[in-house]
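Residue numbering for the sequence shown follows the working numbering, starting at 65 and increasing by one per position.
For every residue, glycine included, the Cβ atom is placed at its ideal position computed from N, Cα and C.
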Amino acid sequence: MPSLQTYYKNLQFECGCDEAGRGCLAGPVFAAAVILDNNYPIAGLDDSKKLSAGRRALLRKEIEEKAYAWAVARIEVDDIDRHNILQASLMAMRQAIGALSVQPLSVIVDGNRSIPELSIPQSCHVNGDASFESIAAASILAKTHRDAWMERLHLQFPEYGWMQNKGYATEFHRKAIFTHGLTEHHRKSFSISMNFNGSTDGTS
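Given below as structure tokens:
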């Protein structure tokens, strides 16, 4: 597989953007925006789903230390239910970009949906987190920040296994919902299947 690259090679302030938690039954959706610094390259960037938790943690620390600018935003469950998960994901990405300490000259987004109401030029790339460094970095920050959030929620609701499943629709999680009901952190607008013949393990 070729190494990841920048999209606009002549622009320093290219921002990559990605989200995490779109397919979950519980918890917020997170998004990150990252402007990498060409003077401080980061080795090993890749789609967060392809990395171990330990490797993601190390890369998160390096990204936050070396990136020219980075920001993470989250949209809570009430807004996910109010607007739907797609719109909430796009809102989170727009908020992350808006929270950057500098405005990027361009934005590259993972996926096939552009971010509404964004005045900065943008382009969308399916599987962009496996192709472009800044999107990969954003995917790592979004994933690690969301995982940490779900691990904290696990301390309040250990019966749902969020330390392990991070709110995704695993068989254990679905059975826990059947047994204990929904919490304030569950997405009420999601259709929760009680078919326990298999599990759905989302990782993004």
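Handout entry: C-beta atoms of VAL190 and ALA152 nearer than 8 Å
Key = no
Problem - Entirely enclosed beta strand (DSSP E) segments - the stretch 72-159, minimum 3 residues - result: 78-84, 93-99 and 133-139
Practice task
Write down the C-beta distance between ALA90 and TRP226 rounded to the nearest angstrom, noting that I regard them as a contact closer than 8 Å.
Solution key: 7 Å
Exercise for the section: Within 10 angstroms of the Cβ of SER112, are there 16 or more other Cβ atoms? Answer buried if so, exposed if not. Expected result: buried
Problem - Those runs of the beta strand (DSSP E) which lie wholly inside the stretch 157-223 and span at least 3 residues - result: 170-174 and 186-189
Practice task
Measure the alpha-carbon distance for VAL166 versus CYS188 and round it to whole angstroms.
Solution key: 21 Å
Handout entry: Exposure of ALA96, with buried meaning 16 or more beta-carbon neighbours within 10 Å
Key = buried
Handout entry: Delimiting residues of the alpha helix (DSSP H) encompassing GLU235
Key = 235-244
Exercise for the section: Go ahead and label ASP101 buried or exposed: buried means 16 or more other beta carbons lie within 10 angstroms of its beta carbon, across all protein chains shown. Expected result: exposed
Exercise for the section: Name the residue from SER195, HIS237 and SER116 whose alpha carbon lies nearest to the alpha carbon of CYS88. Expected result: HIS237
Exercise for the section: Spell out a yes or no on whether the stretch 154-161 and the stretch 127-146 are touching, meaning 3 or more CB-CB pairs, one atom from each, closer than 8 Å. Expected result: yes
Handout entry: Spatial distance of ILE184 from PRO168 (CA atoms)
Key = 8 Å
Handout entry: Close-in-space but distant-in-sequence residues of the same chain around LYS230 (CB under 6 Å, 5 per side omitted)
Key = ASP211 and MET214
Problem - Nearest candidate by alpha-carbon position, reference ALA78, set SER198, THR243 and THR208 - result: The residue asked about is misnamed: residue 78 is Glu in this sequence, not Ala. It is SER198 whose Cα lies nearest to the Cα of GLU78.
Problem - Presumed contact (8 Å Cβ cut-off) between LYS125 and ILE106, rounded CB distance - result: Contact flag wrong, Cβ pair sits at about 10 Å.
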